[in-house]
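My numbering runs 405 ahead of the 1-based position in the first sequence. Cβ atoms here follow ideal geometry from the backbone N, Cα and C, with glycine treated the same way. Since we're looking at a predicted model, the values are computed, not measured.
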Amino acid sequence: MIDFSRPVVELALDLLGATVHHGVTSGRVVETEAYHDSEAACHAHVGLTPRTHVLFGPPGRAYVYRSYGVHALLNAVAEPEGVGAAVLIRALEPLEGIGAMQARRRRDRLEDLCSGPGKLTQALGIELSENDTELASGPIRIAPREGRDPPPHIAGRRVGITKAVELHWRFCERGSRFVSKPWPPGVARPR
DNA sequence: GTATGGATCTTCT
DNA sequence: GAAGATCCATACA
């Protein structure tokens, strides 16, 4: 089992290589970002609101919210209840249900299916109604990776934020073709 | 190949 | 009324 109550940066590393299942589709996590209420980029930084109460709730639940009015983004709530923290799942390597993903995404290339936080929710069919569901028993499930240690990875700046950009809380599996872009400055793109 | 702007909605000012 | 943890089509080099 994954211990979602761990410190959020540790959990972000723990989720690299884990598998996300939803319906007939699944994918291997190759990119994550950590968010914590102590830093300004986190939604929970503003405190407890109707939007952020899931982040402050018990660990191991899904926080799904709408981004830019268009996309659903999937997070795993971390740290003990009362702390607002979550790991954003930013990219997956498609494993099962690839035909369904291709149909939902209207794209054929595997690299175009889950290489971004809005893309993977579309590919897996994850919706806002699944906000605040249990990751152990709900529609979205996350299975731990094989092996104890995280795969080789690169830490860098988080993407698409303007606050707390100095924190290197983004983790990419080294060498994966399925991570999102752009790459953070100063990090060579693997191929 | 890079650059730009539109879509569209929840939250907070 | 503005901003935002994004993606994609289009324009141009």
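*So does the stretch 499–512 actually touch the stretch 523–542, counting three or more Cβ pairs closer than 8 angstroms?*
Contact between the stretch 499–512 and the stretch 523–542 is established, with three or more Cβ pairs separated by less than 8 angstroms.
*Assigned exposure category for Gly502 - 16 Cβ within 10 Å defines buried*: In the first sequence, residue 502 corresponds to position 97, counting from 1. So Gly502 counts as buried.
*Can you tell me which of the three DSSP states Val425 falls into?*
For the purposes of this step, residue 425 is identified with residue 20 of the first sequence, where counting begins at 1. Val425: strand per DSSP, three-state reduction.
*Tell me whether Ser431 sits in a helix, a strand or coil according to DSSP, three-state version.*
Position 26 of the first sequence holds residue 431. Residue state for Ser431 is assigned as strand, using DSSP reduced to three classes.
*Taking the alpha carbon of Pro544 as the point to measure from, which residue in Leu497, Arg550, Glu535, Gly521 has its own alpha carbon closest?*
Reading the first sequence from its first residue, position 139 is the one you call residue 544. Nearest Cα to Pro544 within the set Leu497, Arg550, Glu535, Gly521: Glu535.
*Look at the Cβ atom of Phe583, then the Cβ atom of Val435, and state whether they are nearer than 9 angstroms.*
Numbered from its first residue, the first sequence carries residue 583 at position 178. Numbered from its first residue, the first sequence carries residue 435 at position 30. Result yes, Cβ atoms of Phe583 and Val435 sit closer than 9 angstroms.
*List the DSSP bridge partners of Tyr468.*
Sequence index remark: in the first sequence, residue 468 carries index 63 (1-based). According to DSSP, which records beta bridges pairwise, Tyr468 is partnered with Asn480.
_Let me check understanding here. Comparing Cα to Cα, which of Thr454, Tyr470, Ile547 lies closest to Thr430?_
For the purposes of this step, residue 430 is taken as residue 25 along the first sequence, with counting starting at 1. Measuring C-alpha to C-alpha distances from Thr430 to each of Thr454, Tyr470, Ile547 identifies Ile547 as the nearest.
*Buried or exposed by the 16-neighbour rule on C-beta atoms within 10 Å, applied to Tyr473*: If you number the first sequence from 1, residue 473 lands on position 68. Of the residues assessed, Tyr473 falls on the exposed side of the cut-off, its CB having fewer than 16 other CB atoms within 10 angstroms.
*Which first and last residues belong to the beta strand (DSSP E) in which Ala491 is found?*
Residue 491 sits at position 86 when you count from the first residue of the first sequence. For Ala491, the enclosing beta strand (DSSP E) stretches over residues 490–501.
*Round the Cβ separation of Arg495 and Ser585 to the nearest angstrom and send it over; I've been treating them as touching at under 8 angstroms.*
By 1-based counting over the first sequence, the position of residue 495 is 90. By 1-based counting over the first sequence, the position of residue 585 is 180. Going by Cβ atoms, the distance from Arg495 to Ser585 rounds to 5 angstroms, so yes, they are a contact pair.
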